[in-house]
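Residues are numbered in the numbering used here as their position in the sequence shown, beginning at 1, plus a constant of 10.
Notes follow the structure.
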Amino acid sequence: MEALDRVKANLESLNDQAIAERLGWSEEEAREIITPSTRRRLTVSNITDPMEALDRVKANLESLNDEAIAERLGWSEEEAREIITPGIRRHLAVNNTTDPFSGLIDYIDGRIQYGGTYYSGKGRVLPPGKTEQKLNL
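In structure tokens:
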């Protein structure tokens, strides 16, 4: 029961105002980016300090910018912006807190789909008109 009480307290502490204050965002940004399901995931997966996990998510989101993605994948910034949408970036930032670019490569290589489900047999995700390419790992 102690663990459940801690999760409940952590979840209550991850409100829009606290997230916005911690990350330097507006409350609207906090509400849009750190959704209720993301808050639940962070509180359960980081029971000791979910606010520290929020810091990692913010850093990951900042690192997953158009320029960095384009450089890593050998794409243009426009291709990165169009294909790696804000929703995919949020997913990668939350679910790959240690190394969001490894999650990006798994997504591009077809090892995971947007929802995070692992599967095989799907080809590499590439911009329209591009064929197989070497990634800048």
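Just so it is clear, CB atoms sit at the ideal spot from N, CA and C, and this is done for glycine as well.
The structure presented is a predicted model; accordingly, all values stated were derived computationally and were not measured.
Residue i: first and last residue of the uninterrupted alpha helix (DSSP H) it sits in
i: N25; result: Premise fails: N25 is in no alpha helix (DSSP H) and is neither H nor E.
i: N105; result: 96 to 105
i: I43; result: 37 to 43
Three-state secondary structure (DSSP) of residue i
i: I122; result: strand
i: L114; result: helix
i: G84; result: coil
i: T58; result: coil
i: D109; result: coil
i: L14; result: helix
i: N75; result: coil
i: A19; result: helix
Supposed close pair residue i, residue j - CB separation, criterion 8 Å
i: L21; j: R50; result: 7 Å
i: R91; j: L74; result: Actually they do not touch by this definition, with Cβ atoms about 11 Å apart.
i: G113; j: N105; result: 6 Å
i: P60; j: T53; result: 5 Å
i: E12; j: D26; result: With a Cβ gap of about 27 Å, E12 and D26 do not count as contacting.
i: L83; j: I118; result: 6 Å
i: K68; j: L24; result: Incorrect: roughly 13 Å between the Cβ atoms, too far for contact.
Beta-carbon gap between residue i and residue j smaller than 8 Å
i: N70; j: A63; result: no
i: T107; j: R66; result: yes
i: A80; j: E89; result: yes
i: A28; j: E39; result: no
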